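Residue numbering for the sequence shown follows the UniProt record's numbering, starting at 1 and increasing by one per position. C-beta atoms are modelled at their ideal positions from N, C-alpha and C, and glycine is treated no differently. Owing to the predicted nature of the structure, the values given are computational and were not obtained by experimental measurement. Have a look at the structure below, then the notes.
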Amino acid sequence: MDRTRCTGIGVCESVAPDVFEVDDDGTLVLSSELVEHDLDTVAEAVRSCPALALTLVDADGNLAEDAAGR
Ligand code: SF4
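Written as structure tokens, this is what we have:
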């Protein structure tokens, strides 16, 4: 996540609330248990971010999903 881009609106939280949470001061908090969650839902949340702040990478650090749907 690029915190310089994140506006804290919470679209990602609405798509994948088990993974993303915007706290009371607008800071995005990510679940530390990402591997337990449905990666398709996480990928959808990444694509849904209006600020292009999210990127999903695999265990090797290779790009798996970004806001451009790559
Ligand atoms: S959708 Fe994007 S901008 Fe909004 S809280 Fe999530 S990461 Fe931040």
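{"Query": "Just how far apart, CA to CA, sit residue 8 and residue 64?", "Result": "23 Å"}
{"Query": "Going by DSSP, what residues sit across from residue 21 in a beta bridge?", "Result": "29"}
{"Query": "For the putative contact between residue 23 and residue 29, defined by C-beta atoms under 8 Å, what is the C-beta separation to the nearest angstrom?", "Result": "6 Å"}
{"Query": "Taking residue 41 as part of the alpha helix (DSSP H), name the residues at either end of that continuous run.", "Result": "39 to 48"}
{"Query": "In terms of residue numbering, what span does the alpha helix (DSSP H) encompassing residue 12 cover?", "Result": "11 to 15"}
{"Query": "Please report how far the alpha carbon of residue 55 lies from the alpha carbon of residue 21, in whole angstroms.", "Result": "16 Å"}
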